[in-house]
Amino acid sequence: MNKFAIIGTGPAGIEAAATLAAHHNEVDIYEQENAPLGNIRDKAFLFPNFADADEVAGRLLARLDHPLIHLYTDKGIDQLEETPDGGWSVNGNTYSRVLLATGYRTFDAGRKEELGYGIYRGIRSSLEMEQMLREQKITNANGDKPQRIVFLQCVGSRDEKTGNLYCSKLCCVTAVKQAIETRKLLPDAEIFIFYMDLRMWGQHYEELYRQAQQEYGIRFVRGRISEAGGTYDGRVQIKSEDTLMGLPLKITTDLLVLMVGMEPSEGTRRLAGQCHICGDYGFAQSIDPHTDDNRTAHRGLYVAGACKRPMTLTDAIADGRSAAVVMLAEG
Amino acid sequence: MFSLFVIPFCIGVVLLFAISAMKYVRWIRQFDKRQQVVIRHNIWSWRFLPAIWEAFREGLLHWRITRHHFLLGYMHRSLAFGWFLLIVVGAVQAILACPDGHPFYVAIFFNFFEPRSEHIVAFARSQTYAHVMDALLLYVLSGLTLAAFKKVWSRPLGMRQTTRHNLVDRVAKFCLWCIFPLRLLAEGATSAIYHNGGFLVTSLGSLMNAMGLDNEIFEYHLWVLYSLALGAFFTLMPFTRYMHIFTEVFLIYFRRLGLHDTARKDGYTLFELSACSRCGICIDGCPISNPLGINNIQGVYLLQNIRNKDLWKQSVNIAENCLVCGRCSTDCPVQIDLETIRRQVRSKDKAPIDKASGYQYLKSVHAFNAVGRVGYFGGCMSHLTPGITEAMEAIFRAAGQDYWYMDKERTICCGRPLLQQGFLQQAEELRHRNSELIARSGVTMLITSCPICYQSFTKEYHLNIPVMHHSEYIARMLQEGRIHAERSALRVTYHDPCELGRGCGIYTPPREVIQAAATLVPTRHEQEQSLCCGINLGNTVISNGQQGMIRDRAYQNLTEPKPDMVATACPMCKKALARGGETPVRDIAEIIAAQLTPAQ
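Those protein sequence lines, which keep their order, are chains Z and X. One rule links them: number in the numbering used here = place in the first sequence (from 1) + 160. One rule links them: number in the numbering used here = place in the second sequence (from 1) + 169.
Here it is as structure tokens:
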């Protein structure tokens, strides 16, 4: 019987572990934090169906509840290398196969200083917005109810200046989701979304976008924001251009929410680098994105989930399962 | 005293002086009116004295090149100063030997005409002179050997890249390189017959005798070749880089008189173009050359192309691909104002001002009654790095300074980015409105956070109030005890912004500021040698990736001592370097603002 190691307890790692265990394999799954699913537990609701994030996380966690799965939390990976007999050694334990499911981190908005994140209190990242939505309490810099809220897309994605040329894929729909949730909490506020173009590619995304305009009165402005500054009363002044009207634009808002993109996590960067499977931007690289997307250049080392590229929860779960199947098929 | 072989030399000398004189007269006529007034005003002053000293120091001793690299300086000096002494001592020797007068070429071919045979009276100490002449010839030949060595391997002479010369230059160089060995051989042959000359020539003569050569035939032919080499070199000189030999002296003189480059190419520029010796020192320091490996746009090639008028279009392409970091002007041993010449080529002063749409907003920006306060001009780039403007406001508050943040709401650019792109009229438009606003507000001083604006306000505006970069202002506030900073344990390296350092010569104040709040760690490339951050509004040609390569080099230099933080004093450098890696990059204002303590 083979013994498998999975690094990372995101949706991909958990789904892979459950699939492998269901086929009677012993699985050790490692997590550097003190609990799994860090990137879901900090969300309020999930797009496109506004599912309760905690409930989804609970269902995923339940899949780990299997006698053949051993979860090790607070266990960062100090050592990962191929053994001479073709197996893999992880933190001194030997396994026949290893799955890298080390996931993503969000872009640090402070790196785009012109957007004022970390300098003006009225400017939040989409993660902080999600936190406010979890608490069902949205406040401006002074702790009051905001009158106007602006969401800005593509912060750290599709941006030559930060070096991230790729689309993070899920910020478009996340902003629409957050805007609708905000509307539910603040019926009277003005809500804007500044975008380059909206990529509503998934099931129900387009419908959500239409609803946002028709039912929730959310206004969409095509244009990036060039700079954001603070005003004396703790609000945020934004300079932009409405590229459909061809006019420069300057508005003041209570809250500016920066939709931060996805980047490879620290663990992904380090381990992919160490194993020489580093692809573009520090993401891990599979053999072929179409036909061989879970195996890597190393025998016995597999990759799944958002450590390869930006992925939604749905995609990551499917990819974890697919990786498990490939691992099983190779014996 | 005449022999047919002196004819090529004489023709060369006549052509050299005739053509050079014609060119100089033509250029002097092209000085613009203001420059002519300056010349007329200053021509009878004592300014020619320092000019003579500088011409001697730079034209003959090559002081600046020596400071750049000793061996390279030696090479240039031995050729210039050595040859100069050879001519001067030779002339003295000829005068002593022929007290009754002699044609001018005798000094050059002295050993041929005065081989000290029995019927010519040897003058006093003639043997000493012969030794001195030999020593000088050896000196020149040592430089020539170095020059030949440099052609094969230039690294030991402090040059990674050398200039690619055009055909005429190469031919002239070949002639120049032939002159001195031919002289040695010719004198050696004469010595073989007449047993004259100093230690070097005599030895060579003995050797030639020992080899059993027919020196009678050889001698004349060698002198012919020597004369031909001289004649060819002198004829080519006005059309090649060797025109710099005389032109540099004129340039130094005009510069001392108070002339400088203007917005348009004029007589002064023509002197500068020809004063460039194409030594190629400007290539190595250029960030476009290292690390990008583009080696055809540096100052030397720009000037060469402008001189060669057919290549004007190419000059424009060359002029556009430059970061205007000023490193070449700093390194240039002739101190040619390469930045201004680039701007002349970039000039798009025929581009009309689109007043209908573009400049209407200027009227809607209004001055504020700020009499007695200082004006703070953040600058466009500081608006993209709000950490800096916030820090400055905190410092103003701590210093109890009344200030007017003049571009907080509505910004008018200082105009320098347009100027660097050659839009002279448009830049003037912005400068005009800004000057009006500053004058009307009644501020007593202008402080800016951006070195680009600082350079613009100090050099291109004519404000009648002092202008300070925030590094100077903070340093003064710390000195006067108006703000206090607590020293932290941080180890910080400092990046000299091009516009502030080489552009305005401000190196010390930012370092003082850092030392008040942290420990300053030195890096390998500092001050005048500092590296460009890769972003400059002056360059619209290179790609983002190429900018990144230039930045990486600067970033690597700054993070080599493993500092906790990289400091700089320019919003654009801050933005560029912050993309370089994980080490935090802060402006000096932010570093001080974080360490401000109330007065004790």
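For glycine and all other residues, C-beta sits at the position ideal for the given N, C-alpha and C.
*Quick one: Cα of Lys246 of chain X to Cα of Phe253 of chain X, how far?*
Translated into positions along the second sequence, residue 246 of chain X becomes position 77. Translated into positions along the second sequence, residue 253 of chain X becomes position 84. The displayed chain sequence assigns Arg, not Lys, to residue 246 of chain X. Approximately 10 Å between the Cα atoms of the pair.
*Does any residue of chain X bring its CB to less than 7 Å from the CB of Ile340 of chain Z?*
Indexing the first sequence from 1 puts residue 340 of chain Z at position 180. Closer than 7 Å: no.
*Own chain partners of His300 of chain X with C-beta closer than 7 Å, once the 5 adjacent residues on each side are dropped*: Indexing the second sequence from 1 puts residue 300 of chain X at position 131. Hits under 7 Å: Gly367 and Phe368.
*Under 8 Å by Cβ, that's how I've got Cys702 of chain X and Ala723 of chain X pegged, so tell me the actual separation to the nearest angstrom.*
For the purposes of this step, residue 702 of chain X is taken as the residue at position 533 of the second sequence. For the purposes of this step, residue 723 of chain X is taken as the residue at position 554 of the second sequence. About 5 Å; that satisfies the 8 Å criterion.
*asked:* Can you look up Thr431 of chain X in the DSSP assignment and give me helix, strand or coil?
replied: Numbered from 1 along the second sequence, position 262 holds the residue referred to as residue 431 of chain X. Here Thr431 of chain X sits in coil by DSSP.
*Whole angstroms is fine: what's the gap from His288 of chain X's alpha carbon to Val258 of chain X's?*
The count along the second sequence starts at 1 and reaches residue 288 of chain X at position 119. The count along the second sequence starts at 1 and reaches residue 258 of chain X at position 89. Residue placement at His288 of chain X is flagged as unreliable, the pLDDT there being 45, under the threshold of 50; the coordinate-derived value follows with that caveat. Taking the straight line from one Cα to the other gives about 24 Å.
*For Glu274 of chain Z, go through chain X and note every residue whose CB falls closer than 9 Å to its CB, in chain order.*
Reading the first sequence from its first residue, position 114 is the one you call residue 274 of chain Z. Within chain X, the residues near Glu274 of chain Z are His552, Leu553, Thr554, Pro555 and Lys744.
_chain X contacts from the stretch 377 to 398 of chain Z (Cβ-Cβ distance under 9 Å)_ = Ser386, Glu387, Ala388, Gly389, Gly390 and Gln397
*Measuring only between beta-carbons, confirm whether Ile411 of chain Z sits less than 7 Å from chain X.*
For this step, residue 411 of chain Z is matched to residue 251 along the first sequence. Not an interface residue.
*Please list, in chain order, all residues of the same chain as Glu223 of chain X whose beta carbon is under 8 Å from its beta carbon, the five residues on each side excluded.*
Within the second sequence, the letter at position 54 stands for residue 223 of chain X. Excluding residues within five positions, the ones whose Cβ falls inside 8 Å are Ile421 and Arg425.
*Mind the definition here: the stretch 216 to 228 of chain Z touches the stretch 313 to 324 of chain Z only if three or more C-beta pairs lie below 8 Å; say whether that holds.*
no
*So what's Ser446 of chain X in DSSP terms, helix, strand or just coil?*
Taking the first residue of the second sequence as position 1, residue 446 of chain X is located at position 277. DSSP places Ser446 of chain X in coil when its eight states are reduced to three.
_Which residue marks the beginning of the beta strand (DSSP E) containing Ala301 of chain Z, and which one marks its end?_
Taking the first sequence and counting its residues from 1, one reaches residue 301 of chain Z at position 141. Run containing Ala301 of chain Z: none; DSSP gives neither H nor E here.
*If you pair each beta-carbon of the stretch 446 to 460 of chain X with each one of the stretch 509 to 519 of chain X, do three or more pairs fall below 8 Å?*
no
*Contacting residues, own chain, Cβ-Cβ under 7 Å from Ala177 of chain Z (five flanking each side not counted)*: Counting from one through the first sequence, the residue named residue 177 of chain Z turns up at place 17. Counting only Cβ-Cβ distances below 7 Å, and skipping sequence neighbours, we find Ile166, Val187, Ile189, Leu224 and Ile229.
*Which runs of the alpha helix (DSSP H) fall wholly inside the stretch 280 to 361 of chain X and span at least 4 residues, in chain order?*
At a cut-off of 4 residues, the continuous stretches assigned as alpha helix (DSSP H) that sit fully inside the stretch 280 to 361 of chain X are 295 to 321.
*Under 6 Å Cβ to Cβ from Arg476 of chain X, same chain only, skipping five residues before and after it: list those, please.*
Taking the first residue of the second sequence as 1, we reach residue 476 of chain X at position 307. Same-chain partners within the cutoff: Leu442.
*So is Ala713 of chain X in contact with chain Z if we call contact Cβ pairs under 7 Å?*
Residue 713 of chain X sits at position 544 when you count from the first residue of the second sequence. Before going on, a small fix: residue 713 of chain X reads as Asn here, not Ala. Yes, its Cβ sits closer than 7 Å to a Cβ of chain Z.
*What is the DSSP secondary structure of Asp756 of chain X, counted as helix, strand or coil?*
Counted from its first residue, the second sequence places residue 756 of chain X at position 587. Looking at Asp756 of chain X - three-state DSSP - the assignment turns out to be strand.
*Can you tell me whether DSSP reads Val612 of chain X as helix, strand or coil?*
For the purposes of this step, residue 612 of chain X is taken as the residue at position 443 of the second sequence. In the structure shown, Val612 of chain X sits in coil (DSSP, three-state: anything other than H, G, I, E or B).
_What does the alpha-carbon distance come out to for the pair Asn162 of chain Z and Trp361 of chain Z?_
Counted from its first residue, the first sequence places residue 162 of chain Z at position 2. Counted from its first residue, the first sequence places residue 361 of chain Z at position 201. C-alpha separation (whole angstroms): 39 Å.
*Assign Met170 of chain X to buried or exposed, taking buried as 16 or more other Cβ atoms, counted over all protein chains shown, within 10 Å of its Cβ.*
Numbered from its first residue, the second sequence carries residue 170 of chain X at position 1. Counting Cβ neighbours within 10 Å, Met170 of chain X comes out exposed, since fewer than 16 surround it.
*Given a threshold of 16 other Cβ atoms within 10 Å of its Cβ, counted over all protein chains shown, does Asn538 of chain X qualify as buried or as exposed?*
Counted from its first residue, the second sequence places residue 538 of chain X at position 369. Exposed, since its Cβ has fewer than 16 Cβ neighbours within 10 Å.
_Does chain X have any CB closer than 7 Å to the CB of Ile279 of chain Z?_
The count along the first sequence starts at 1 and reaches residue 279 of chain Z at position 119. Closer than 7 Å to some Cβ of chain X, the Cβ of Ile279 of chain Z qualifies, so yes.
*Kindly confirm or deny that the stretch 740 to 747 of chain X and the stretch 714 to 728 of chain X touch, where touching means at least three C-beta pairs closer than 8 Å.*
yes
*Meets three-Cβ-pair contact criterion under 8 Å: the stretch 576 to 583 of chain X and the stretch 637 to 657 of chain X*: no
*Compare the Cα-Cα distances from Glu191 of chain Z to each of Z:Asn209, Z:Gly170, Z:Lys203 and Z:His184 and report the closest residue.*
Here residue 191 of chain Z refers to the residue found at position 31 when the first sequence is read from its first residue. Here the closest residue by C-alpha is Z:Gly170.
_Would you say Glu559 of chain X lies against chain Z (beta-carbon separation less than 7 Å)?_
What you label residue 559 of chain X is simply residue 390 of the second sequence in a count that begins at 1. At least one chain Z Cβ lies under 7 Å of Glu559 of chain X.
*Counting only the same chain and skipping the five closest in sequence on each side, list residues whose C-beta sits under 6 Å from that of Ala596 of chain X.*
Here residue 596 of chain X refers to the residue found at position 427 when the second sequence is read from its first residue. Result list for Ala596 of chain X: Gly584, Leu587 and Leu588, in chain order.
*Identify whether Arg511 of chain X lies in helix, strand or coil by the three-state DSSP scheme.*
Stepping through the second sequence from its first residue, residue 511 of chain X is reached at position 342. Arg511 of chain X falls in the helix class under three-state DSSP.
*Under 8 Å Cβ to Cβ from Asn253 of chain Z, same chain only, skipping five residues before and after it: list those, please.*
For this step, residue 253 of chain Z is matched to residue 93 along the first sequence. Ala165 and Asp188, listed in sequence order.
*Three-state secondary structure (DSSP) at Asn273 of chain X?*
Position 104 of the second sequence holds residue 273 of chain X. The residue you asked about is not Asn; residue 273 of chain X is Phe in the sequence shown. The answer is helix: DSSP assigns Phe273 of chain X an H, G or I state.
*In the DSSP assignment, find the alpha helix (DSSP H) that holds Gln313 of chain Z and state where it starts and stops.*
Working through the first sequence from its first residue, we reach residue 313 of chain Z at position 153. Not the alpha helix (DSSP H): Gln313 of chain Z falls in the beta strand (DSSP E), residues Arg308 to Val315.
*Ile212 of chain X versus X:Thr737, X:Asp435, X:Leu472 and X:Phe419, residue with shortest Cα-Cα distance*: Within the second sequence, numbered from 1, the residue matching residue 212 of chain X stands at position 43. Checking every option, the nearest Cα to that of Ile212 of chain X belongs to X:Phe419.
*Under 7 Å Cβ-Cβ, which residues of chain X neighbour Glu320 of chain Z?*
Counted from its first residue, the first sequence places residue 320 of chain Z at position 160. The contacting residues are Asn713.
*State the CB to CB distance for the pair Gly374 of chain X and Gly357 of chain X, rounded to an integer number of angstroms; the pair is presumed to be in contact (CB under 8 Å).*
Within the second sequence, residue 374 of chain X is the residue found at index 205, counting from 1. Within the second sequence, residue 357 of chain X is the residue found at index 188, counting from 1. About 5 Å; that satisfies the 8 Å criterion.
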